[in-house]
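Down below is the structure, laid out as C-alpha cells.
There are 2 protein chains.
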Amino acid sequence: MPTFKITVAYDGTGFVGWQRQAKGTSIQGAIEDALRVLDGRDVTVHGAGRTDAGVHAVGQVASFTLARGMDAGAVMRAVNARLPLAIRVVDAETVDPAFHARYGARLKTYRYQILNASIPDVFARAYAWHVPGALDCDAMRGAARLLEGRHDFAAFQASGAATKTTEREIFRIKIFTTEDTAEKPILCARSPGVPRVLRGGEFRTRVPDGSLIVIAVAGDGFLRHMVRILVGSLVEIGRGRRDAAWLADVLAAGDRRRAGPTAPAHGLFLQAVEYPPRMLADEP
Amino acid sequence: MPTFKITVAYDGTGFVGWQRQAKGTSIQGAIEDALRVLDGRDVTVHGAGRTDAGVHAVGQVASFTLARGMDAGAVMRAVNARLPLAIRVVDAETVDPAFHARYGARLKTYRYQILNASIPDVFARAYAWHVPGALDCDAMRGAARLLEGRHDFAAFQASGAATKTTEREIFRIKIFTTEDTAEKPILCARSPGVPRVLRGGEFRTRVPDGSLIVIAVAGDGFLRHMVRILVGSLVEIGRGRRDAAWLADVLAAGDRRRAGPTAPAHGLFLQAVEYPPRMLADEP
Chain R
1 MPTFKITVAY
11 DGTGFVGWQR
21 QAKGTSIQGA
31 IEDALRVLDG
41 RDVTVHGAGR
51 TDAGVHAVGQ
61 VASFTLARGM
71 DAGAVMRAVN
81 ARLPLAIRVV
91 DAETVDPAFH
101 ARYGARLKTY
111 RYQILNASIP
121 DVFARAYAWH
131 VPGALDCDAM
141 RGAARLLEGR
151 HDFAAFQASG
161 AATKTTEREI
171 FRIKIFTTED
181 TAEKPILCAR
191 SPGVPRVLRG
201 GEFRTRVPDG
211 SLIVIAVAGD
221 GFLRHMVRIL
231 VGSLVEIGRG
241 RRDAAWLADV
251 LAAGDRRRAG
261 PTAPAHGLFL
271 QAVEYPPRML
281 ADEP
Chain E
1 MPTFKITVAY
11 DGTGFVGWQR
21 QAKGTSIQGA
31 IEDALRVLDG
41 RDVTVHGAGR
51 TDAGVHAVGQ
61 VASFTLARGM
71 DAGAVMRAVN
81 ARLPLAIRVV
91 DAETVDPAFH
101 ARYGARLKTY
111 RYQILNASIP
121 DVFARAYAWH
131 VPGALDCDAM
141 RGAARLLEGR
151 HDFAAFQASG
161 AATKTTEREI
171 FRIKIFTTED
181 TAEKPILCAR
191 SPGVPRVLRG
201 GEFRTRVPDG
211 SLIVIAVAGD
221 GFLRHMVRIL
231 VGSLVEIGRG
241 RRDAAWLADV
251 LAAGDRRRAG
261 PTAPAHGLFL
271 QAVEYPPRML
281 ADEP
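As they're listed, the protein sequences go chains R and E.
The first sequence begins at 1 in our numbering and counts up by one.
The second sequence begins at 1 in our numbering and counts up by one.
Okay, here's the thing in C-alpha cells:
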C-alpha cells in the first residue's frame, strides 16, 4: 500500500476548481478518475490547497495511497497518459504512509499576476487580471508590510466560509514586475523550486505600461479567497483610492465588508507547497 | 476617406486563421464585422500575413479605408470595444491612401516556440510545440545558416499551393532559448518593436530540460507553411535524424516530399511586419 506525494500543474481555465463538485470537471476528479483505472478501485486524492474555479497551479501538491505496488515514476507516467493536457503531474515520490498533503503543509506560496496595461494582452487574458491605469507599487508594498506576520484575517475571508480559526501567518508578501527580475515566465515555470517570494531583491516603483506585476504571498495557510481579497485591497491602494491606514483598520475590524473587492480567479496561481523534511521520508 | 494601418495581436486558438472562410470565425472577419458597425458599410481589411488556423500574432499589420473621417485612436478604441478578447488592436495610425498592408510589406518576422521538455507545460500547450528529447541547437543553427539569403524555397511550400514565384529572401534565422536572453515572454510581448531576430547575441548549445527554444525568422516574404516546414526540418536535424547536407539537398531539389514534416500551427507567431518609411506618410 504505497503512499505517494505528487506535484501537479494545471491551467484552471474551464475547471470547477480543485475539489470534486456535483457538476463540471474538477482537478481532483480528473486525477481520481485516472487513478481508478490504474489501481482498479476508488482512490481518494488529498490536495494541499483547494483552489477555486479558474485558479491555476504550478506546484499544487497532492497525496494518495494505492493498493498496487508501483514506483513513483510509473505512477506519474500512467496518470499523465490519462489526464487532459491542461493537467500534468510534474513530480512524484513515495512518502511515509502518514503523509497528508493538506494537513502536513507548512508553507504555501501563491502568485497573483496583474497586467497593468492600457490595452489587455491577448495571451494573458486567462492568466492575469487586467488593470488599466497607473498603480503605485511602493504604496502597495508599504501596505503589504502591515499584513505580514500572524494576524486574524477574518476581514479577508469569503463571506459565509466557516473555519475553526481565522488566524494565519503571512511570512512574506513581495510585489515586483517580471521586468525587475530574470525570472522565467509562468509559461515555463514548471518546477516550483524555492519559492521566489523568500528571496531578496530591490524592485522598481514606476511600472511602464504593459508590465506584469506579480504579488507573491507566502504563508502557513490561507482562508477561502484570502489571497484574492488581499490583492483586491492592495490594488485599491495602488490606485490611490485607499491608503495603508485604511488597510490597518480593515485588518483590525475583521469585517469582510470593509475590505477591497475579490480579485478575479484567473490571475491566481498556487506556486509551491512545502513540508518538513521528516514528513517526506518513506523509510519507516 | 482616411486609410488606416493597424497592428493586431491575437491568440489564434479556435480561429480558422486570418482569412475569412465559409465556416468558422476568422480574424479578418471579426475585424471586418467590427468595422462594418463603425463605418455603416462593408469594409475590406487587408492583412500583411494570411496566418493559418491556430497561428498567433503579436504584430500582424492590416490596412483599410473608412468612409467616415475618424482619428486613429478613436478607431482603435471602437474596434477593440467590439472584438473578442482574443483579438486586440494594439496600435493604429492614418497612412497614405496608397498604403496596402500586404503588398507594401518589406520585412516580416515570425517566431516559432518549441518547448523542449520531458513533460509538457500546461500553460504552453497552445503556444509552443512540445518536443521531448534532446535537441542539438548548434546543429540546428549551422543548418539554418544554409537557408539564409535569396533562394527558391519550393521544397518548403505546402503542396498544392500556387504562387507566381517560390523565390524568397531570408535575412536571418536565430535560434535561442528564453533563458539566453532577458527577453520578455510572449505573454507580455505586446509591442513588436525592433524584431529581435536582427539583434546580436551568443546563445548556448546545451539546453536544460524544460527550455523554451525560439526559432525567429526574418524575411521579405514567406510561402504557405514555409516557416512551419523550415522548423519541422530543423527539428529533424536537432534530433540527429538528418544533417545540414540533407537540408542543402532538399533546398536544391525543390521537392516538398523530401523536406521535414510541417511543425504544428500553435507554436507559430507572426511577430512584426515592416514597411519603408515613405509608405507610411499620411501627408500627400
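Built from N, CA and C at the ideal position, the CB exists for glycine as well.
Keep in mind the model is a prediction, meaning the values are calculated, not measured.
Take Ala-143 of chain E, set aside five residues on each side of it, and the residues of its chain with a beta-carbon closer than 7 Å to its own are Leu-234, Ile-237, Ala-244 and Leu-247, in chain order. Under the three-state reduction of DSSP, Arg-172 of chain E is assigned to strand. Cβ neighbours of Arg-20 of chain R within its own chain (closer than 6 Å, five residues either side excluded): Ser-26, Gln-28 and Gly-29.
The three-state reading of DSSP puts Gly-240 of chain R in coil, since its state is none of H, G, I, E or B.
In this structure, the CA atom of Val-131 of chain R is about 26 Å from the CA atom of Phe-171 of chain R. A Cβ of chain E is located within less than 8 Å of the beta carbon of Arg-88 of chain R. Think of a sphere of 8 Å around the beta carbon of Tyr-10 of chain R: the chain E residues whose beta carbon falls inside it are Val-122, in chain order.
DSSP lists no bridge partner for Ala-263 of chain R. The C-beta distance from His-266 of chain E to Gly-54 of chain E rounds to 5 Å, short enough to meet the 8 Å contact threshold. For Gly-73 of chain R, the CB contacts under 8 Å within the same chain, skipping 5 residues up- and downstream, are Ala-92 in chain order.
Counting along the chain, no beta strand (DSSP E) covers Arg-36 of chain E; the unbroken alpha helix (DSSP H) around it starts and ends at 27-39.
If you ignore the 5 residues before and after Val-217 of chain R, its C-beta comes within less than 6 Å of the C-beta of Tyr-110, Ile-173 and Val-227, all in its own chain and listed in chain order.
Residue burial annotation: Arg-141 of chain E is buried, with at least 16 other C-beta atoms found within 10 angstroms of its C-beta. A distance below 7 Å between beta-carbons, with the five flanking residues on each side excluded, links Asp-220 of chain R to the following residues of its chain, in chain order: Arg-106, Leu-107, Arg-168 and Glu-169.
Shown here is that no member of the region 15-40 of chain E has a Cβ falling below 9 Å from a Cβ of chain R.
Within 10 angstroms of the beta-carbon of Ala-134 of chain R lie fewer than 16 other beta-carbons, which makes it exposed. Taking a C-beta distance under 8 Å as the contact criterion, Phe-156 of chain E and Leu-223 of chain E qualify as a contact pair. Within chain E, no residue has its CB atom less than 7 Å from the CB of Ile-114 of chain R, the nearest being about 12 Å off. The C-beta of Gly-149 of chain E has fewer than 16 other C-beta atoms within 10 Å across all chains shown, which makes the residue exposed. Separation of Ala-128 of chain E and Ile-119 of chain E (C-alpha to C-alpha, rounded to the nearest whole angstrom) is 13 Å.
For a Cβ distance threshold of 8 Å, residue set Pro-120, Val-122 and Arg-125 of chain R lies close to Leu-85 of chain E, ordered along the chain. Its chain contains Thr-13 and His-266 as the residues whose beta carbon lies nearer than 6 Å to that of Ala-126 of chain E, once the 5 sequence neighbours on both sides are disregarded; these appear in chain order.
Each residue's CA atom was taken as its position, placing Val-16 of chain E and Gly-24 of chain E some 6 Å apart.
Rounded to whole angstroms, the separation of the alpha carbons of Leu-212 of chain E and Arg-239 of chain E is 16 Å.
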